[in-house]
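Residue numbers are given in UniProt numbering: position 3 of the sequence shown equals residue 3, and the series is strictly consecutive.
Just so you know, even glycine gets a beta-carbon here, dropped at the ideal spot from N, CA and C.
As structure tokens, the structure follows; a few thoughts come after it.
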Amino acid sequence: MTVKPKNISEQNFKASNLSKNHDLASFIFGSSVVAVTNNNFETAFRIIKLDPVKNVSSEDCSLKDGWSVKIKDKDNIEQCIIKLGQAGLVYGFDIDTSYFTAPENFSVSIEGAHHLTGNIQADDVLWISLLPRVNLDSCSHNFFELSEQPEVAYTHLRICCYSNGGIARIHAYGKSTYPISPRATIPQTLTAMPLTSEAYAPYGDVIHPPGARSKTGANQGTASKFHHVALINNLFPQGDGKMNVCIFRCKPAQQLPFTVKLLERHPYSTQAFIPMTSGGTRGYLVVVALNGIDDRPDLSTLKAFIATSTQGVNYRQGVWHHPMIALDSVTDFAVIVYENGIPKDDCNEVNVPHVLVRVPGFQANL
């Protein structure tokens, strides 16, 4: 069933019942961007932030306060999938294009899905049209009220963009099927969660068999080969990045909970860590954040994960992360990274406001 939307003015929105609903897509209610074309997570994530949109005077689209959409081929579309923090009934949208000027008609559509387990990008996921393709006004709020009452509690929204433009914020107004309790935008404490491919997707890849794109037999049937478990990138602009396969020997954390005081990033290279353990360690701590419009870590995106000794991690280029934090005992990691020997190209490091990370099930190694 295709629900026909009604385009309403900002004045009518403020007087409507739509404005009295929760914004189910907001980050403060636990929503997250779980898939985006070309893995452009760090800009797409900004569309679910609570912060007012900022006018950033930069020619670098990656620093604009929102998701910059560049269509390379007229037959292609750009997509962004939002996992709602709480499943809910959706009554309407505000697609905010503040400070984005489209050179042509910027058109989008929005679909919803109720999908509790499995890969949200799988072919068998049922997507229901909520907002058929519409043209958006640049530099303004675009309000749409669904004219029919929804019958499905949606867990995911998919935004499809058909032309060049940008979205600063997306608001999905509706009613959660569970009680909603807002959380702080910038955490002072975090509890590390188990590492999964879906939760880690905005930051990179989890290197383990479930993350493989495909699987084949190998070695005359004595082995299984799991293909493309991580995307390794060399994006040095002068083409002078050289692969460095090295080993990091990491001492275990001496104090838990762990205090995050700084973060680093590799602007032009992914960085993969693969544990080499003899069974003396159960896991390690991974702390990550996306880049903000001020070209520093956006601490509202700060997450902490506990990786097992059978999981590797791959940091996407430009993703802020804490230097490796071993747990239990000294741990060796095989590392794959591209470098050109110029410090500012290879690694940037910044101090951040302190954040305390709790690590359930682990004790400090004094």
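> Along the chain, where does the beta strand (DSSP E) that runs through Y200 open and close?
Replying inline: Taking the sequence shown and counting its residues from 1, one reaches residue 200 at position 200. Run containing Y200: none in the beta strand (DSSP E); it sits in the alpha helix (DSSP H), S197 to Y200.
>> Using C-beta distances below 6 angstroms, list every residue in its chain close to H208, excluding the 5 sequence neighbours before and after it, in chain order.
In response: Here the question's residue 208 lines up with position 208 in the sequence shown. When the five nearest sequence neighbours on each side are left out, the beta carbons in the same chain lying within less than 6 angstroms of the beta carbon of H208 are those of Q311, in order along the chain.
> Could you give the uninterrupted runs of the beta strand (DSSP E) lying entirely in the stretch 268-344, keeping only those of 3 residues or more?
Replying inline: Secondary structure in the stretch 268-344: the beta strand (DSSP E) runs of 3 residues or longer, each lying completely within the stretch, are 271-276, 283-289, 303-308, 312-315 and 331-339 in chain order.
> Can you pull the DSSP bridge partners for C160?
Replying inline: As a position in the sequence shown, residue 160 is number 160, starting the count at 1. Beta-bridge pairing by DSSP links C160 to Q79 and S109.
> Going by C-alpha distance, which of G85, L136, V286 and L116 is nearest S109?
Replying inline: By one-based count along the sequence shown, residue 109 stands at place 109. Comparing Cα positions, the closest option is L136.
>> So F100 and G204 are supposed to be a Cβ contact under 8 angstroms. How far apart are they, rounded?
In response: Stepping through the sequence shown from its first residue, residue 100 is reached at position 100. Stepping through the sequence shown from its first residue, residue 204 is reached at position 204. Between F100 and G204 a beta carbon distance of about 27 angstroms is seen, past the 8 angstroms cut, so the two are scored as non-contacting.
>> Cutting at 8 angstroms between CB atoms, please list the residues of its own chain near residue 367, excluding the five before and the five after it.
In response: The structure shown does not extend to residue 367, since the chain is modelled only from 1 to 366, so the question has no answer here.
> Quick one, which of R358, H171, I128 and S19 has its alpha-carbon nearest T191's?
Replying inline: Within the sequence shown, the letter at position 191 stands for residue 191. If we check each option's Cα against that of T191, R358 comes out closest.
> What is the rounded straight-line gap between the Cα of L290 and the Cα of E42?
Replying inline: Counting from 1 along the sequence shown, the entry for residue 290 is found at position 290. Counting from 1 along the sequence shown, the entry for residue 42 is found at position 42. About 5 angstroms.
> Per DSSP, which one or two residues make a beta bridge with P194?
Replying inline: Here residue 194 refers to the residue found at position 194 of the sequence shown. Answer is I306.
>> I believe Y154 touches G92 by the beta-carbon criterion, under 8 angstroms. Please report the beta-carbon distance rounded to the nearest angstrom.
In response: Residue 154 sits at position 154 when you count from the first residue of the sequence shown. Residue 92 sits at position 92 when you count from the first residue of the sequence shown. With 8 angstroms as the limit, Y154 and G92 do not qualify as a contact, their Cβ atoms being about 13 angstroms apart.
> K225: buried (16+ other C-beta within 10 angstroms of its C-beta) or exposed?
Replying inline: By 1-based counting over the sequence shown, the position of residue 225 is 225. With fewer than 16 Cβ atoms within 10 Å of its Cβ, K225 is classed as exposed.
> What whole-angstrom Cβ distance do V152 and C80 have, given they're in contact under 8 angstroms?
Replying inline: Position 152 of the sequence shown, counting from 1, holds the residue named residue 152. Position 80 of the sequence shown, counting from 1, holds the residue named residue 80. Incorrect: roughly 20 angstroms between the Cβ atoms, too far for contact.
>> Please identify the residue among S129, G292 and V337 whose C-alpha is closest to the C-alpha of G66.
In response: Counting from one through the sequence shown, the residue named residue 66 turns up at place 66. Of the candidates S129, G292 and V337, the one whose C-alpha sits nearest the C-alpha of G66 is G292.
> To which residues does DSSP link E10 through a beta bridge?
Replying inline: Here residue 10 refers to the residue found at position 10 when the sequence shown is read from its first residue. Within the DSSP bridge table, the entry for E10 names no partner.
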